[in-house]
Amino acid sequence: MPGEHGNESHLITPADAVERGMNGPKGEGAECPWCGRVLEPRGVLLNGRVAWAAYEPCGCEGEANAAKEAKACELKMREREKKVKLIRSGVKKRYLEATVDTNEAQRYMERFGSDDGRGLYIHGNVGTGKTYLASAMARMFVDAGYSVVLTTTLAMLEGIQDAYGKETSSLDAVLRFASSDVLILDDFGKESASAWSASMIFQIVNYRYEAMRPLIVTSQYDLAGLEKRISRQGEHERARAVVSRLRQMCHTIELSGNDRRRG
Ligand SMILES: [Zn+2]
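In this text, residue positions in the sequence shown follow the numbering used here: the first is 118, and each later residue adds one.
See below:
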């Protein structure tokens, strides 16, 4: 292929082949598609013979521009693949460029993986940037190659409920949340309270606790407030158990966010 770079020094030139008494190229060479200069063949050793599979790079401007374009195209494709991954992980379009800008969260990310699957409980009022921060963290995890599920607790429970009696069983749906490398539950406490939802939440939180898989939670409630939310239909024991697990597995961050408003 004319214009193909690569490791030119490993390639055999027609002069090398003559010197080593090996088979020379069949044809003359090929014209550079950009400037028309005739390019010398280049070969590689294959079963004791030279396979003339390439041509020398031309070095002209047209070739350089084409290489630059190919590289830009590749970068764009990688960027797109990354976006698709983020969207599949549950990051909303608005937050695809979010960056971790809270010191405690940044420190958590730096230590991630070295403290027995500890998670994070992020609480703060509406408008303090909880979803933004959760998305930014999801982005860093995806970049680092972890499997991440970012969802609201409400959407998670609805997803599990929808899966009942379908081909993908509710067990698969539960496992998706229980076994991802990182689970980020946004807006915990917003879901409706019932015996079923309290039990489902406990199962998922407890599974992650026992498997030492990190759980990151955002909520407008502090842990005491969350316990009240979960138990508002009388599920006091379950609520206490969930919050007790969260206390054991998570560092806590309170966002005041008086300097920004991101939702
Ligand atoms: Zn050329």
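Where is the CB? At the ideal position from N, CA and C, for every residue including glycine.
With distances taken between CB atoms, is the gap from residue i to residue j smaller than 8 Å?
i: Arg235; j: Met317; result: no
i: Ser252; j: Val208; result: yes
i: Ala255; j: Ile301; result: yes
i: Ala168; j: Gly160; result: yes
i: Leu156; j: Glu173; result: yes
i: Ala183; j: Trp151; result: yes
i: Tyr225; j: His127; result: no
i: Val265; j: Phe294; result: no
i: Leu372; j: Thr268; result: no
Short of 7 Å in beta carbon distance, which residues of its chain neighbour residue i, apart from the five on each side in sequence? Order them along the chain.
i: Val243; result: Gln337
i: Val360; result: Leu340, Leu343, Glu344
i: Ala328; result: none
i: Glu308; result: Thr270, Leu271, Leu274, Ser314
i: Arg362; result: Val322, Asn323, Tyr326
i: Arg211; result: none
i: Arg364; result: Leu340
Whole angstroms is fine: what's the gap from residue i's alpha carbon to residue j's?
i: Leu332; j: Glu178; result: 53 Å
i: Ile277; j: Tyr326; result: 20 Å
i: Val217; j: Leu237; result: 14 Å
i: Leu203; j: Val259; result: 7 Å
i: Tyr324; j: Gly262; result: 22 Å
i: Asp304; j: Lys247; result: 8 Å
i: Trp313; j: Ile347; result: 11 Å
i: Asp233; j: Glu275; result: 30 Å
i: Cys190; j: Ala358; result: 51 Å
i: Thr382; j: Ser231; result: Here the chain covers residues 118 to 380 and nothing more, so residue 382 does not appear.
i: Val201; j: Met139; result: 50 Å
i: Glu221; j: Leu292; result: 30 Å
i: Ala147; j: Arg205; result: 46 Å
i: Phe229; j: Gln223; result: 10 Å
i: Arg349; j: Leu192; result: 51 Å
i: Lys283; j: Gly351; result: 30 Å
i: Glu145; j: Glu196; result: 41 Å
i: Arg379; j: Ile239; result: In this prediction, Arg379 has a pLDDT of 47, which is less than 50 and means its spatial position is unreliable; nothing more can be read from the coordinates.
i: Lys185; j: Glu136; result: 36 Å
i: Met194; j: Arg154; result: 32 Å
Quick one: what's got a C-beta closer than 6 Å to residue i's C-beta in the same chain, skipping five residues either side?
i: Gly141; result: Pro131, Ala134
i: Gly306; result: Ser336, Tyr338, Leu343, Arg346
i: Glu198; result: none
i: Ala187; result: none
Measure from the alpha carbon of residue i to the alpha carbon of each residue in the options, then state which is nearest.
i: Glu214; options: Lys185, Ala181, Tyr249; result: Tyr249
i: Gly165; options: Gly144, Arg355, Ile129, Lys283; result: Ile129
i: Val334; options: Gly241, Cys190, Gly146; result: Gly241
i: Glu227; options: Met257, Leu372, Ile370, Arg330; result: Met257
i: Ala356; options: Ser373, Ser311, Thr369, Glu371; result: Ser311
i: Glu354; options: Ser373, Phe319, His368; result: Phe319
i: Ser296; options: Arg330, Ser287, Arg137, Ser286; result: Arg330
i: Lys143; options: Arg154, Pro158, Glu136; result: Pro158
Spatial neighbours of residue i within its chain, please: CB distance less than 8 Å, with the 5 preceding and 5 following residues excluded, ordered by chain position.
i: Ala280; result: Ser286, Ser287, Asp289, Ala290
Name, in chain order, the residues that DSSP records as bridge partners for residue i.
i: Glu148; result: Val155
i: Thr248; result: Beta-bridge pairing links Thr248 to no other residue.
i: Arg166; result: Leu163
i: Tyr238; result: Val334, Thr369
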